Amino acid sequence: MKNKVTQILNRLFQSIPSIIGIVIISFLLTRALPGDPAVYFAGAMADKESIEQVRISLGLDKGIVEQFFIYVQNLSHGNLGMSLNTGLPVLKELTTRLPASLELTFLGLSFALIIAIPLGILSATKPGTWIDHLTRVLVTMGVSLPTFFTGLFLIYIFYYLLGIAPSPIGRLEIMYLSPPHVTGFYTIDSLLANDMETFWASVRQLMLPAITLGIFALAPIARMTRSSMLNALSSDFIRTARANGLPRSKILITYALRNSLLSILTTLGMVFSFLLGANVLVEKVFSWPGIGSFAIEALVASDYAAVQGFVLTMALLFVVVNLTIDIILTLIDPRVSIDN
Amino acid sequence: MQRRDFMKIAGAASILPFLRYLPTQANAATGSNDVLVVVSGNNINSLDLHRKGTNRPSYQVTVNIYDRLVKFGVKTLPDGSMSYDSTKIEPEVAQSWEFSDDKKSITFKLNPKAKFWDGTPVTAHDVKWSFDRAVTLGGFPTVQMKAGSMSDPKQFVVVDDITFRIDLPFPSKLTLPDLAVPIPFIINSKVAKANATANDPWATEYLHKTPAGSGPYKILRWDPGQQFVYQRNEDYAIAPKPAIKRVIVREVPSASTRRALLERKDADLYTNVPPKDVKEFKEEGKIKVSGAPIDNCIHVLGLNVKYKPFDNKKVRQAIAYAIPYEEILSSAAYGRGKPMFGASNKTPSNIVWPQPSPYNTNIEKAKKLLEEAGFKDGFETTLSYNLGLASWQEPTALLIQEGLKKIGIKAKLDKIPGANWRTAALVEKRLPMHLENFGGWLNYPDYYFFWAYKYGHLFNSSNYKNEKIEKLTDETLHMEIDNPKYENMIKEMIEIVYDDVPRIPLYQPYLDAAMQKNINGYVSWFHRQLDCTTITKS
Chain A
6 MKNKVTQILN RLFQSIPSII GIVIISFLLT RALPGDPAVY FAGAMADKES
56 IEQVRISLGL DKGIVEQFFI YVQNLSHGNL GMSLNTGLPV LKELTTRLPA
106 SLELTFLGLS FALIIAIPLG ILSATKPGTW IDHLTRVLVT MGVSLPTFFT
156 GLFLIYIFYY LLGIAPSPIG RLEIMYLSPP HVTGFYTIDS LLANDMETFW
206 ASVRQLMLPA ITLGIFALAP IARMTRSSML NALSSDFIRT ARANGLPRSK
256 ILITYALRNS LLSILTTLGM VFSFLLGANV LVEKVFSWPG IGSFAIEALV
306 ASDYAAVQGF VLTMALLFVV VNLTIDIILT LIDPRVSIDN
Chain B
21 MQRRDFMKIA GAASILPFLR YLPTQANAAT GSNDVLVVVS GNNINSLDLH
71 RKGTNRPSYQ VTVNIYDRLV KFGVKTLPDG SMSYDSTKIE PEVAQSWEFS
121 DDKKSITFKL NPKAKFWDGT PVTAHDVKWS FDRAVTLGGF PTVQMKAGSM
171 SDPKQFVVVD DITFRIDLPF PSKLTLPDLA VPIPFIINSK VAKANATAND
221 PWATEYLHKT PAGSGPYKIL RWDPGQQFVY QRNEDYAIAP KPAIKRVIVR
271 EVPSASTRRA LLERKDADLY TNVPPKDVKE FKEEGKIKVS GAPIDNCIHV
321 LGLNVKYKPF DNKKVRQAIA YAIPYEEILS SAAYGRGKPM FGASNKTPSN
371 IVWPQPSPYN TNIEKAKKLL EEAGFKDGFE TTLSYNLGLA SWQEPTALLI
421 QEGLKKIGIK AKLDKIPGAN WRTAALVEKR LPMHLENFGG WLNYPDYYFF
471 WAYKYGHLFN SSNYKNEKIE KLTDETLHME IDNPKYENMI KEMIEIVYDD
521 VPRIPLYQPY LDAAMQKNIN GYVSWFHRQL DCTTITKS
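Taken in sequence, the protein lines are chains A and B.
Basically this note's numbering = 1-based index in the first sequence + 5.
Basically this note's numbering = 1-based index in the second sequence + 20.
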């Protein structure tokens, strides 16, 4: 156990250089964006003089090295700057928008898991049968349909034609107020406030976008489940278990699935980070006030502070997700050693 | 509105889940008659138009929540749509105004009934403070004030509490209309000053999120990136109170989602509708469309005279004859535009602006002109357009490319991302051939010429320079339109630039809104934003 603690600490320590790298790269990348924010934000009729005034007020007249040190100094105070595009501090934007994106991503991921893991197991136990083919078709559809298409398609069927789904205008319909802010997840916050009506309203709003994301995330999880299950099922310890006459369900769940979980978990980490990126289009279609739509608008406007804040958050999230997965793997699998 | 009142309203709203009285199956069209649900594709970034970086969609907030001294009137167009009337100036906070004999100063008498939301009267001190702020803060507000010859706080004089005077360096027809645009709005200076700091003497941080005005609406909520809500000012006394009590503007980024919301009757009004949707709404007949051509605005193809061979007038004219105007109007603008081509005469018969150019599609003539210019076999060039405006510029660029091919000109298309466009096209003016559109807020031909044809000015992306135009523009810019010389000078200007064609007019675009059939009173404005005050719902 002591060995595992040092391993985990070691792993934590290893993420520090990546964070420093992220800070430098996010700064340089935004400076490499096309467009001049001073011109963009000086407004419709700005002349040379007013463009210059904006440049000075944004601190863009200073040298790039000086700008970098100002940026790092602000960062150390937790100040990510102002987003010109939305007129609010970037930190505030991120703290209100990140939960929206995470809530959607988690639900989408859960939806994908609930469908993909049983599908993967079934097709692994019956390779070559109709269920295996069905899985293959679903998986191919999931990866090949662009998310915005799936989203628009679902809106068209369930909202426009059938009228079952609520209007796709963000996290809550017009007549609801957001629940008091605790976690930023509307479902959790409304439960904490004991407001069932708002809870159901936010769940209803989440359904279509989460399914859209879920369909997209289904493929890698189902495939990974299938192949690692096949791998496990053909291994010696399963043969031994079968020979010993253990019940089928026990062999499948306790032995085969548990052994496959490691690779499924690794895939899950990747899919999660991937989904946060794929969110962008889904958020646009469903007017979801998430981090993706924020980033896109910021990019279009060369809004430096906002883009930096976004890249930084996403990269940190990525580091944290990978770190968590690694730590979980270390804890559950005696064979995993981070050092190699 | 006082802070305490605001807290009360906000408090009440949070106990009662917002607007509970709307039916749960939100059906805006059959819902309450005093709540209007608007969907818009843009997000606003400030409640203060004077602040640096405030974007165009935010202008609508200023229009609805603040008052100005004067405003433009409204007229009904032949098709029943309503539009602002640039020729009529009406009182708003100013009850009356008077020009001095030399026309170099205007004295305004304020309406004693004009009250800020906190109940205090609107005084000349507030007007002066607000105008001082507009000319001092820099950026767009300062530039726009300059168009009306206002640039120095010394020009704004408080005569007494309800008398305010503007002194001008010279008489100008642009000053009064420039007071009716969104920029010179009147702020409650006592509230603003109380929230100003040493670093921020004009209270930009405070007014950014907490407006202090006297207008017909107040802001009830602003959830950035999601929605903002107007609440009617029940004490509004200087004009009839608006019919709609509460306006909810939802920001919906996807155009197809906006359309679905309107068709499902979950929204009442959809602003800034793309021409394709307008065409389909009109054909289906279930949704009402109201719109007007945008005054003083033309979509043009710019030819940069700094680059060869566009320095040659014959080349420019050849291109003007090679453009497939009709196809652009029907398939890029879906018929939603006023033709700006095919005038029968080379000399303009009137001073209507914009007016059609004497060019039409005539490939033979184009070839002949190109040959005369010495480019019998054509040449290669690039045609740039703005990705941010791809919905009209992309199809237009493709059609122009086709047309130019017929006379041997190979144009490579060059898409420029929105953030880079202003720098490339307007500031550095380095695009040889490009699509451009400019619309002036003050509806005079000379005002358009000032921005788009004078050398070095922002929207003259063609680097066009003509001594005659420079002189005529300067002379006409401030001249009264009833001056006998005015008409001839304007006609001459139009004739010159249509002969030189550094900017080839394509069409005048429309500004359209789509709405449920029970919505009336939508007015199309030069600032292209929604004015809720005239809207009714039955």
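Glycine included, each C-beta is placed from N, C-alpha and C at the ideal position.
Note that this is a predicted model, so its numbers are computed, not measured.
message = By alpha-carbon positions, which one of Pro262/B, Lys265/B, Val298/B ends up nearest to arginine 278/B?
response = It is Val298/B whose Cα lies nearest to the Cα of arginine 278/B.
inquiry  = Distance check for valine 320/B and aspartate 25/B, CA to CA, integer angstroms please.
reply    = Low per-residue confidence applies at aspartate 25/B: pLDDT is 43, beneath 50, and the placement is therefore not dependable, though the value from the model is reported in the following sentence. Aspartate 25/B and valine 320/B: Cα-Cα distance of roughly 50 Å.
key: Interface partners of glutamine 58/A on chain B, CB under 8 Å   = What glutamine 58/A touches in chain B, judged by beta-carbon distance under 8 Å, is Lys72, Gly158, Gly159, going in chain order.
ask   = Going along the region 520-548 of chain B in order, which residues come within less than 8 Å of chain D, judged by CB to CB distance?
value = In summary, chain D is missing from the structure at hand, where the protein chains are A and B.
ask   = Hey, is aspartate 286/B's beta-carbon within less than 8 Å of any beta-carbon in chain A?
value = True, the Cβ-Cβ gap to chain A drops below 8 Å.
ask   = Does DSSP put serine 350/B in a helix, in a strand, or in coil?
value = Serine 350/B sits in a helix when the DSSP states are folded into three classes.
Chain A contact for alanine 280/B (CB, 8 Å cutoff) = Taking 8 Å as the CB threshold, alanine 280/B lines the interface with chain A.
key: Interface partners of arginine 442/B on chain A, CB under 7 Å   = Here the neighbours are Val44, Tyr45.
query = According to a CB-to-CB cut-off of less than 7 Å, which residues of the region 139-162 of chain A neighbour chain B?
reply = Cβ contacts with chain B come from Leu157, Ile160.
message = Whole angstroms are fine: how far does the CA of alanine 114/B sit from the CA of asparagine 480/B?
response = Going by the C-alpha atoms only, they are around 36 Å apart.
key: Contact between the region 268-285 of chain A and the region 69-88 of chain A (3+ Cβ pairs under 8 Å)   = Using a C-beta cut-off of 8 Å, the region 268-285 of chain A makes no contact with the region 69-88 of chain A, since fewer than three inter-stretch Cβ pairs fall below that distance.
ask   = Among Asn538/B, Val55/B, Ala154/B, which residue has its Cα nearest to the Cα of arginine 88/B?
value = Measuring from the Cα of arginine 88/B, the nearest candidate turns out to be Ala154/B.
ask   = Would the region 247-260 of chain B and the region 121-134 of chain A be scored as touching if the rule is three or more Cβ pairs under 8 Å?
value = The region 247-260 of chain B is not in contact with the region 121-134 of chain A.
request  = Can you give me the start and stop residues for the alpha helix (DSSP H) that isoleucine 85/B sits inside?
outcome  = Element bounds for isoleucine 85/B: 79-85.
query = Taking all protein chains shown into account, do 16 or more other C-beta atoms lie within 10 angstroms of the C-beta of serine 364/B, making it buried, or fewer, making it exposed?
reply = So serine 364/B counts as exposed.
query = What do you get for isoleucine 21/A, buried or exposed, if any count of 16 or more other CB atoms within 10 angstroms of its CB means buried?
reply = Result: exposed.
ask   = Is it right to say isoleucine 85/B is buried, meaning 16 or more other beta carbons lie within 10 angstroms of its own, or is it exposed?
value = Its Cβ being crowded by 16 or more others within 10 Å, isoleucine 85/B is buried.
ask   = Out of Thr401/B, Pro415/B, Ala263/B, which has the shortest C-alpha to C-alpha gap to lysine 430/B?
value = Checked all of Thr401/B, Pro415/B, Ala263/B; the closest Cα to lysine 430/B is Thr401/B.
ask   = Looking only at its own chain, which residues have a Cβ that is under 8 Å from the Cβ of asparagine 540/B, when we skip the five neighbours before and after it?
value = Taking C-beta separations shorter than 8 Å and ignoring five residues to either side along the sequence, the partners of asparagine 540/B in its chain run Ile555, Thr556, Lys557, Ser558, following chain order.
query = Using a Cβ-Cβ cut-off of 7 Å (strictly less than) and excluding sequence neighbours within five positions of glutamine 72/A, which residues of its own chain qualify?
reply = Within the same chain, Gly64 come within 7 Å of glutamine 72/A by CB-CB distance, once the 5 residues on both sides are set aside.
ask   = If we count the other Cβ atoms within 10 Å of its Cβ and call it buried at 16 or more, is glycine 83/A buried or exposed?
value = With fewer than 16 other Cβ atoms from the protein chains shown falling within 10 Å of its own Cβ, glycine 83/A counts as exposed.
request  = Starting from the beta carbon of valine 293/B, find every residue of chain A whose beta carbon is closer than 9 Å, and list them in chain order.
outcome  = Within 9 Å Cβ-Cβ: nothing; valine 293/B doesn't reach chain A, min ~17 Å.
query = What's the gap between the Cα of isoleucine 332/A and the Cα of serine 268/A?
reply = Their Cα atoms are separated by approximately 14 Å.
key: Cβ shell of phenylalanine 248/B (< 6 Å), same chain only, five flanking positions each side left out   = Counting only Cβ-Cβ distances below 6 Å, and skipping sequence neighbours, we find Trp242, Val269.
request  = State yes or no: is the C-beta of valine 312/A within less than 8 Å of the C-beta of leucine 304/A?
outcome  = Yes, the pair counts as a contact, with Cβ atoms nearer than the cut-off.
message = Taking the beta carbon of threonine 493/B as the centre, do at least 16 other beta carbons fall within 10 Å, making it buried, or is it exposed?
response = Classification of threonine 493/B: buried, given that the 10 Å Cβ count is 16 or more.
ask   = So what's leucine 38/A in DSSP terms, helix, strand or just coil?
value = It is coil, neither helix nor strand.
inquiry  = Looking at chain B, is there any beta carbon in it that lies within less than 8 Å of the beta carbon of serine 55/A?
reply    = At a cut-off of 8 Å between C-beta atoms, serine 55/A counts as an interface residue with respect to chain B.
query = Name the chain B residues whose beta carbon is nearer than 7 Å to that of aspartate 41/A?
reply = Contact of aspartate 41/A with chain B by beta-carbon distance below 7 Å involves Thr443.
message = Starting from glutamate 495/B, trace the alpha helix (DSSP H) in both directions and tell me its first and last residue.
response = Run containing glutamate 495/B: 487-497, per the alpha helix (DSSP H) assignment.
Near-chain A residues of the region 476-489 of chain B (beta-carbon distance less than 9 Å), N- to C-terminal order = The region 476-489 of chain B vs chain A, Cβ under 9 Å: His477, Leu478, Phe479.
ask   = Between the C-alpha atoms of valine 335/B and aspartate 198/B, what's the straight-line distance to the nearest angstrom?
value = Cα to Cα, the separation comes out at about 38 Å.
query = Can you list, in chain order, the residues of its chain whose CB lies under 7 Å from that of phenylalanine 361/B, leaving out five sequence neighbours each side?
reply = So the qualifying residues of the chain are Tyr345, Pro376, Ser377, Tyr379, Asn380, Pro525.
query = Cα-Cα, which of Val177/B, Met165/B, Thr183/B is closest to serine 116/B?
reply = With distances taken between Cα atoms, serine 116/B lies closest to Thr183/B.
query = Would a C-beta distance cut-off of 8 Å place valine 543/B and aspartate 551/B closer than the cut-off?
reply = In this structure, valine 543/B lies near aspartate 551/B, with their beta-carbon atoms less than 8 Å apart.
task = Under 8 Å between beta-carbons, which chain A residues line up against arginine 270/B? List them in chain order, please.
result = Neighbours of arginine 270/B on chain A, chain order: Ile174, Gly175, Ile179, Ser292.
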